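Undergrad:
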Amino acid sequence: MGAIAAEATQAPAREFTSIVRLEHVEKYFGAVHALRDISLSIGKNEIVGLIGDNGAGKSTLIKVMTGVLEPTSGRIFVRDEEVDPAEYSVRMAHDLSIETVYQDRSLADKQPLWRNFFVGRQITNRFGFIDIQREKEIAAEILLKSIGFRGAGISVDSTVAQLSGGERQGIAIGRAMHYDADLIVLDEPTAALAVKEVRKVLDFVRKIKESGRACVYIEHNLAHVHEIADRLVVLDRGRVVSEMRPSEMSVTELTDYLISLHQET
Amino acid sequence: MAVPRQQGLLRSIEGLPIILVFVLLLLFFMWQAPSAFLAPNMYTTFLTTLPPLVLLAIGLTFVIGAGEIDLSFPSVIAFSGFVFAVLFKEYNWGWFAVLAAIASGVLVGLINGVLIAKVGIPSFIATLGTQFFWTGMAAVLSGGKSYALRGAEASSVWQAIVGRPFAEAGSFGWVNQVAVSPLWTAAICILLWFILTRHRFGEHILFIGDSNAVSRVVGIDVEREKIKLFVLMGTLASIAAIILTLENKNFFGNQGSGYLLTAIASVLIGGTSIFGGRATIVGTIFGCFVMIIMQPGLVAIGLTGSWVLTVQGLIFLLSIIFYLFVDEPQRRAAFFARFTLSASSQEIGRTKAAEKSR
Numbered sequence: 001m002g003a004i005a006a007e008a009t010q011a012p013a014r015e016f017t018s019i020v021r022l023e024h025v026e027k028y029f030g031a032v033h034a035l036r037d038i039s040l041s042i043g044k045n046e047i048v049g050l051i052g053d054n055g056a057g058k059s060t061l062i063k064v065m066t067g068v069l070e071p072t073s074g075r076i077f078v079r080d081e082e083v084d085p086a087e088y089s090v091r092m093a094h095d096l097s098i099e100t101v102y103q104d105r106s107l108a109d110k111q112p113l114w115r116n117f118f119v120g121r122q123i124t125n126r127f128g129f130i131d132i133q134r135e136k137e138i139a140a141e142i143l144l145k146s147i148g149f150r151g152a153g154i155s156v157d158s159t160v161a162q163l164s165g166g167e168r169q170g171i172a173i174g175r176a177m178h179y180d181a182d183l184i185v186l187d188e189p190t191a192a193l194a195v196k197e198v199r200k201v202l203d204f205v206r207k208i209k210e211s212g213r214a215c216v217y218i219e220h221n222l223a224h225v226h227e228i229a230d231r232l233v234v235l236d237r238g239r240v241v242s243e244m245r246p247s248e249m250s251v252t253e254l255t256d257y258l259i260s261l262h263q264e265t
Numbered sequence: 266m267a268v269p270r271q272q273g274l275l276r277s278i279e280g281l282p283i284i285l286v287f288v289l290l291l292l293f294f295m296w297q298a299p300s301a302f303l304a305p306n307m308y309t310t311f312l313t314t315l316p317p318l319v320l321l322a323i324g325l326t327f328v329i330g331a332g333e334i335d336l337s338f339p340s341v342i343a344f345s346g347f348v349f350a351v352l353f354k355e356y357n358w359g360w361f362a363v364l365a366a367i368a369s370g371v372l373v374g375l376i377n378g379v380l381i382a383k384v385g386i387p388s389f390i391a392t393l394g395t396q397f398f399w400t401g402m403a404a405v406l407s408g409g410k411s412y413a414l415r416g417a418e419a420s421s422v423w424q425a426i427v428g429r430p431f432a433e434a435g436s437f438g439w440v441n442q443v444a445v446s447p448l449w450t451a452a453i454c455i456l457l458w459f460i461l462t463r464h465r466f467g468e469h470i471l472f473i474g475d476s477n478a479v480s481r482v483v484g485i486d487v488e489r490e491k492i493k494l495f496v497l498m499g500t501l502a503s504i505a506a507i508i509l510t511l512e513n514k515n516f517f518g519n520q521g522s523g524y525l526l527t528a529i530a531s532v533l534i535g536g537t538s539i540f541g542g543r544a545t546i547v548g549t550i551f552g553c554f555v556m557i558i559m560q561p562g563l564v565a566i567g568l569t570g571s572w573v574l575t576v577q578g579l580i581f582l583l584s585i586i587f588y589l590f591v592d593e594p595q596r597r598a599a600f601f602a603r604f605t606l607s608a609s610s611q612e613i614g615r616t617k618a619a620e621k622s623r
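For the protein sequence lines, the chains are A and B, in the order given. Take the first sequence: its position 72, counting from 1, is numbered 72 in the working numbering, and each next residue is one higher. Take the second sequence: its position 343, counting from 1, is numbered 608 in the working numbering, and each next residue is one higher.
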């Protein structure tokens, strides 16, 4: 996979200390103040768990981080270099090797896997026609090597609709790893999954860490995130209210802490 | 209710179900009305009436595949037809009339695209509005008049677009009726087949049809692709308008009105998903064939013309149900779950069935 990966990504292999750093980011949706003065840095090879109640701003935060939303104000640094928030886009984030895996919005259901792997950055000739054979070959390789789907009855021509929830997350994470992402953002990857499937996904997340990449992990289930994160960031009503190591608090204490945030007001 | 993970036979050949329907229908008509359906004149006539319908339906295949709809193309048939007729006849613009007519189709498509992608009006509503507007424009500008393009056969435009290369003076055989317009139409179909199945644009269109949200997060510029989509539709509709106007050697204000439902039905019976995300050009072409042989076919076997719409409607509905059941296993599962479970457990049963069918 090495040669293919090197070819498929244009990301420069430079030294850096943080893959993404936000400084004083604010985001308004009309009158709604969704993010308030967020300053957050994601290190090179750490799993950061992002937790907080519904509406705390977790999703908005990762959307700003990955170029889906433009912040109202604030600065964004990728690999220690400032990017213009107005120009920062999903495509640019891809080029800077930041990949996002959304809970249910990463793969298109009716499309075959090979198209899902390459959509948005197809291998084409100069007229924009896709090299189907090459895309399928590489997709088959990703299936086998990075995801380890062997003999599960899944081929590159299978449609996403034919996969289980855990398999979908695996495909999406495998795709992100194929593109040699330095940062993989996971938006509730285990939501609505059966216990066995959750295990698979957590194993995928460990693989991200083992391969030297960083990961931002949004999760409702505190036990999952506590188990796997190097650092926990707690959001409440658009603000970062605390950061901690999982060892500093047990899952129960963490739960009580989150509940206490709401009883204060 | 496990669904095999491999592609079924019906999906392995593009458009297979509708091809079968067409062949059976054709054989049936040949058997029941041999005098009409075993004579070449019937088919040369089809070849001259098909191109406008096929061009519209091919454009709609992209539009419906993207999960959108365009109701404004009949007005493009009127408006671009008017632009072409008036410039061709009154101003003798020749080939520039063709270019101007296409430009008018591009303009209509561009406005549709901007209204839908940038302003955010649902395509059903936006194109309903522009449909009224451009039909009205054509009526206002033409003053309700029709334009007869007498003597158009002599022009290079007519010869090149709808000409009859085998026609001989004084002869009335079917060979005389073979037109060149199907050739252009076929060329456009082949090009667009490659665009839909092998080009970045086609892939983006199907992903957008599948889910706008997914398309955005994988980095597709959804707004721009939608504008391109409606421009494509407008362009094809204007080409259809030119061919139709030249073929009839006449322009009249409501010349597009018969195409709206026929074109949409052709696309859907061809197998393009009403929910977007799946589209087939081969299916659409055979869908057009089915829609267009129905009229002479039913009349030839002795039914009155009034039956045509009824039978077309029936075939349309049956095919929609067929595709729902073949292509959407979740829906099929949900449908049967409705009969096997008591009313109170229906909701639970439905989700379970849908999960199992994955």
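Backbone N, C-alpha and C define an ideal beta-carbon position, used for all residues, glycine too. Since the model is a prediction, treat every value here as computed from it, not as a measurement.
1) How is B:N513 classed by DSSP in three states: helix, strand or coil?
2) If the criterion is Cβ atoms closer than 8 Å, does the pair B:A298 and B:Q520 meet it?
3) Once DSSP output is grouped into helix, strand and coil, what is the label at B:S345?
4) Would A:D109 count as contacting chain B if we go by Cβ distances under 8 Å?
5) Cutting at 6 Å between CB atoms, please list the residues of its own chain near B:T395, excluding the five before and the five after it.
6) Check A:S41 in the structure and name its three-state DSSP category.
7) Kindly indicate if chain B contains any beta-carbon less than 8 Å away from that of A:I138.
8) For B:L320 versus B:I453, is the C-beta spacing smaller than 8 Å?
9) Check whether the region 69-77 of chain A and the region 20-40 of chain A are in contact - that is, three or more C-beta pairs closer than 8 Å.
10) Would a C-beta distance cut-off of 8 Å place A:E99 and A:A161 closer than the cut-off?
11) Give me the Cα-Cα distance between A:D256 and B:S480, rounded to the nearest whole angstrom.
12) On the DSSP bridge assignment, give the partners of A:Y28 in chain order.
13) Please confirm if A:V90 has its CB atom under 8 Å from at least one CB of chain B.
14) Measuring CA to CA, which of A:H94, A:R199, A:V185 and A:K196 is closest to A:A214?
15) How do the region 457-476 of chain B and the region 106-124 of chain A stand: do at least 3 beta-carbon pairs fall below 8 Å, yes or no?
16) Is the beta carbon of A:L235 closer than 8 Å to that of A:G52?
17) Decide if the region 526-540 of chain B is in contact with the region 550-564 of chain B; the criterion is three or more beta carbon pairs, one per stretch, under 8 Å apart.
18) For a minimum of 4 consecutive residues, which ranges assigned as the alpha helix (DSSP H) are wholly contained in the region 399-433 of chain B?
19) So the candidates are B:F590, B:L589, B:P561 and B:F587; which of them puts its Cα closest to the Cα of B:M307?
20) I want to verify the contact list: residues of chain A whose CB lies under 7 Å from the CB of B:L471, in sequence order.
21) At a Cβ threshold of 8 Å, is B:S411 touching chain A?
22) Are A:I218 and A:V101 close, meaning C-beta to C-beta below 8 Å?
23) Quick one: does A:M249 have its CB under 8 Å from some CB of chain B?
24) Evaluate contact between the region 189-206 of chain A and the region 32-40 of chain A, counting only Cβ atoms and requiring at least three cross-stretch pairs below 8 Å.
25) Using a beta-carbon distance cut-off of less than 9 Å, what residues from the region 479-510 of chain B approach chain A?
26) Please classify B:N357 as buried or exposed, where buried requires at least 16 other C-beta atoms within 10 Å of its C-beta.
27) Round the Cβ separation of A:G165 and A:E197 to the nearest angstrom and send it over; I've been treating them as touching at under 8 Å.
28) Assuming B:A366 and B:S345 make a contact with CB atoms under 8 Å, what is their CB distance in whole Å?
29) For A:G120, would you say it is in contact with chain B, using Cβ-to-Cβ distances shorter than 8 Å as the test?
30) Grab me the residues of B:A368's own chain with a C-beta within less than 6 Å of its C-beta, minus the 5 sequence neighbours each way, in chain order.
TA: In brief:
1) Counting from 1 along the second sequence, the entry for residue 513 of chain B is found at position 248. Of the three classes helix, strand and coil, the one that applies to B:N513 here is helix, per DSSP.
2) Taking the first residue of the second sequence as 1, we reach residue 298 of chain B at position 33. Taking the first residue of the second sequence as 1, we reach residue 520 of chain B at position 255. The answer is no: Cβ separation not under 8 Å.
3) Looking up residue 345 of chain B in the second sequence gives position 80. Of the three classes helix, strand and coil, the one that applies to B:S345 here is helix, per DSSP.
4) For the purposes of this step, residue 109 of chain A is taken as the residue at position 109 of the first sequence. Cβ-Cβ to chain B under 8 Å: yes for A:D109.
5) Looking up residue 395 of chain B in the second sequence gives position 130. Result list for B:T395: S337 and N377, in chain order.
6) Here residue 41 of chain A refers to the residue found at position 41 when the first sequence is read from its first residue. Strand at A:S41.
7) The residue given as residue 138 of chain A occupies position 138 in the first sequence. Residue-level contact by beta carbon fails for A:I138 and chain B, as no gap is shorter than 8 Å.
8) On the second sequence, residue 320 of chain B is found 55 positions in, with the first residue counted as 1. On the second sequence, residue 453 of chain B is found 188 positions in, with the first residue counted as 1. Contact flag set, yes.
9) Three or more Cβ pairs closer than 8 Å define a contact, and the region 69-77 of chain A meets that threshold against the region 20-40 of chain A.
10) Taking the first sequence and counting its residues from 1, one reaches residue 99 of chain A at position 99. Taking the first sequence and counting its residues from 1, one reaches residue 161 of chain A at position 161. Contact flag unset, no.
11) Along the first sequence, read from residue 1 onward, the residue named residue 256 of chain A stands at position 256. Along the second sequence, read from residue 1 onward, the residue named residue 480 of chain B stands at position 215. The straight-line gap from Cα to Cα measures roughly 39 Å.
12) As a first step, residue 28 of chain A is located in the first sequence; it is residue number 28 there, counting from the start. Paired residue(s): A:H33.
13) Residue 90 of chain A sits at position 90 when you count from the first residue of the first sequence. Taking a beta-carbon distance threshold of 8 Å, A:V90 counts as an interface residue toward chain B.
14) Translated into positions along the first sequence, residue 214 of chain A becomes position 214. Checked all of A:H94, A:R199, A:V185 and A:K196; the closest Cα to A:A214 is A:V185.
15) Enough Cβ pairs lie closer than 8 Å, so yes.
16) Position 52 of the first sequence, counted from the first residue, corresponds to residue 52 of chain A. Position 235 of the first sequence, counted from the first residue, corresponds to residue 235 of chain A. In this structure, A:G52 places its C-beta atom within 8 Å of the C-beta atom of A:L235.
17) Taking a cut-off of 8 Å on C-beta distances, the region 526-540 of chain B touches the region 550-564 of chain B, as three or more cross pairs fall below it.
18) As summarised for the region 399-433 of chain B, the continuous alpha helix (DSSP H) elements at least 4 residues long and confined to that stretch are 421-427, given in chain order.
19) Here residue 307 of chain B is taken as the residue at index 42 of the second sequence, counted from 1. Selected option, being the one with the closest Cα: B:P561.
20) For the purposes of this step, residue 471 of chain B is taken as the residue at position 206 of the second sequence. Neighbours of B:L471 on chain A, chain order: Q111.
21) Translated into the one-based positions of the second sequence, residue 411 of chain B becomes position 146. So, not an interface residue.
22) What you label residue 218 of chain A is simply residue 218 of the first sequence in a count that begins at 1. What you label residue 101 of chain A is simply residue 101 of the first sequence in a count that begins at 1. Contact check for A:I218 against A:V101 fails: the beta carbons are separated by 8 Å or more.
23) Locating residue 249 of chain A in the first sequence gives position 249, where the first residue counts as 1. No, A:M249 does not count as interfacial toward chain B.
24) No contact exists between the region 189-206 of chain A and the region 32-40 of chain A.
25) Against chain A - using a Cβ distance shorter than 9 Å - the residues of the region 479-510 of chain B are V479, S480, R481, V482, V483, G484, I485 and D486.
26) As a position in the second sequence, residue 357 of chain B is number 92, starting the count at 1. Around the beta carbon of B:N357, a 10 Å sphere encloses fewer than 16 other beta carbons of the protein chains shown; the residue is thus reported as exposed.
27) Residue 165 of chain A sits at position 165 when you count from the first residue of the first sequence. Residue 197 of chain A sits at position 197 when you count from the first residue of the first sequence. Contact holds; Cβ gap of about 6 Å.
28) Reading the second sequence from its first residue, position 101 is the one you call residue 366 of chain B. Reading the second sequence from its first residue, position 80 is the one you call residue 345 of chain B. Rounded to whole angstroms, the Cβ separation of B:A366 and B:S345 is 5 Å, and the two are in contact under 8 Å.
29) By one-based count along the first sequence, residue 120 of chain A stands at place 120. When Cβ-Cβ separations below 8 Å define contact, A:G120 makes contact with chain B.
30) Counting from one through the second sequence, the residue named residue 368 of chain B turns up at place 103. Nothing listed; no residue qualifies.
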